[in-house]
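Trainee: Chains as they are written, first to last, in my numbering: chain A, 5 to 190; chain B, 242 to 395. Cβ coordinates follow ideal geometry from the N, Cα and C atoms, glycine included. Computed from a predicted structure; not experimentally measured.
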């Protein structure tokens, strides 16, 4: 019927996107964006005991241009937001984002004017990992969720999803009742 | 301490009110904010050589809605003194003490940043913690807890 009848077991027919996704799934290069204690747990996850290299993601790259999975770990302050945006923009597509820990996901217990209340207001986050800080196992589960996502989602779908995210972000209503009276001297 | 209290009452009279503190420190309430620099000079020249901290508190329900707090330490005698200066107005103004204590420079910038208190004769009064385009003063009571969620340094 297919090409297998002629060539036997020497070939395997598949879809190109599936093959590419399968390869990508096991070669995620994480870019650690660690700002707080979650990054300490990340070190543990990456080191020999928990061993992230079992999932093909052991090649840490501290340059955003060489990596494709950003792990944002720790409290992101308002002053850090432009840095985070810039680093995300510097990463080459395809790229994924994991928000690790309570602070990154929602601001955590820093319900404050100085801390960004969840990075999903600035970046399209793919996977959230709970915990304060999360156990290394939990972070590994986050990486595995990314692997599932990479396997299932074609890049065209992904592009649509990210465009939708940014459109929604623009529509989001941030208005508060607060109007600072002091505009003369900042 | 008695000596210092004597000096303060001698020079400032009714303007100061002295109360015992919770631990070993002494609270001094200076009712006339225009004389703060004078008071700091007097204290500095009489043993209180270190300004430990300078901060403010916002009391929105009081008539004097801001209170400046100066924590002083006499290092040789190990005495502590807390000077409180009530201020009123939405953006109250008070004399800068940065010419008396160099450390007050950044402390006053912080108080200006967080509370919006203005300091007269400050060498460089601009925000120190928040970015320069920030609007509002975060430690005021009417400021929303999470800020306005819109502005970030960009």
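1) So what does residue 294/B bridge to, in DSSP terms?
2) Run down chain A in chain order and give the residues with a C-beta less than 8 Å from the C-beta of residue 387/B.
3) Taking the alpha carbon of residue 247/B as the reference point, which residue from 280/B, 275/B, 262/B has its own alpha carbon closest?
4) Should residue 388/B be labelled buried (16 or more other beta-carbon atoms within 10 Å of its own) or exposed?
5) Taking the beta carbon of residue 25/A as the centre, do at least 16 other beta carbons fall within 10 Å, making it buried, or is it exposed?
6) Once DSSP output is grouped into helix, strand and coil, what is the label at residue 131/A?
7) Do you know whose CA, among 144/A, 36/A, 80/A, 17/A, lies nearest residue 126/A's CA?
8) Quick check on residue 260/B: does DSSP put it in helix, strand or coil?
9) Check whether the stretch 82 to 95 of chain A touches the stretch 47 to 59 of chain A, taking contact to mean three or more Cβ pairs, one atom from each stretch, closer than 8 Å.
10) So residue 379/B contacts chain A; which residues on that side make the cut at Cβ distance below 7 Å?
11) To the nearest angstrom, how far is it from the Cα of residue 108/A to the Cα of residue 39/A?
12) According to DSSP, what are the bridge partners of residue 103/A?
13) Between the stretch 333 to 367 of chain B and chain A, which residues of the former have CB atoms less than 7 Å from a CB of the latter, in chain order?
14) Per DSSP, which one or two residues make a beta bridge with residue 361/B?
15) Taking its Cβ as the centre, do 16 or more other Cβ atoms sit within 10 Å of residue 146/A, making it buried, or is it exposed?
16) Here's the rule I'm using: 16 or more other beta-carbon atoms within 10 Å means buried, otherwise exposed. How should residue 173/A be labelled?
17) May I have the straight-line CA-CA distance separating residue 278/B from residue 342/B, to the nearest angstrom?
18) Kindly indicate if chain B contains any beta-carbon less than 8 Å away from that of residue 83/A.
19) Could you tell me whether the stretch 372 to 381 of chain B touches the stretch 316 to 325 of chain B, where touching means 3 or more Cβ pairs closer than 8 Å?
20) Once DSSP output is grouped into helix, strand and coil, what is the label at residue 322/B?
21) Thinking C-alpha only, which one of 340/B, 296/B, 360/B is nearest residue 380/B?
22) Suppose you measure from the CA of residue 352/B to the CA of residue 258/B; what does that come to, to the nearest Å?
23) Ordered along the chain, which non-local residues of its own chain (more than five positions away) have a Cβ less than 6 Å from that of residue 270/B?
24) Can you name the start and end residues of the alpha helix (DSSP H) that residue 253/B belongs to?
25) According to DSSP, is residue 17/A helix, strand or coil?
26) Judging by CA-CA distance, which residue of 99/A, 122/A, 121/A is the nearest neighbour of residue 163/A?
27) Can you tell which of 131/A, 169/A, 22/A, 32/A has its C-alpha closest to the C-alpha of residue 95/A?
28) Does DSSP put residue 140/A in a helix, in a strand, or in coil?
29) Give the DSSP bridge partners of residue 35/A, in chain order.
30) So what does DSSP say about residue 344/B, is it helix, strand or coil?
31) Consult DSSP for residue 384/B and reduce its assignment to one of helix, strand or coil.
32) Can you give me the Cβ contacts of residue 21/A inside the same chain, cut-off strictly under 6 Å, excluding the 5 residues immediately before and after it?
33) Looking at the secondary structure, which residues open and close the alpha helix (DSSP H) in which residue 173/A lies?
Mentor: Put simply:
1) 312/B
2) 111, 115, 116, 117, 121
3) Cα-wise, what sits closest to residue 247/B is 280/B.
4) buried
5) buried
6) strand
7) 80/A
8) Here residue 260/B sits in strand by DSSP.
9) no
10) Simply 117.
11) Residue 39/A has its alpha-carbon roughly 10 Å from the corresponding atom of residue 108/A.
12) Note: residue 103/A sits in a beta bridge opposite 76/A, 132/A.
13) 357
14) 336/B
15) Residue 146/A comes out buried.
16) exposed
17) 10 Å
18) yes
19) no
20) Strand at residue 322/B.
21) 296/B
22) Taking the Cα positions, residue 352/B is about 24 Å away from residue 258/B.
23) Around residue 270/B: 258, 325.
24) 243 to 253
25) coil
26) 99/A
27) 32/A
28) helix
29) The partner list for residue 35/A (beta bridge, DSSP) reads 74/A.
30) coil
31) Three-state DSSP puts residue 384/B in coil, outside helix and strand.
32) Hits under 6 Å: 158.
33) From DSSP, the alpha helix (DSSP H) with residue 173/A extends over 159 to 175.
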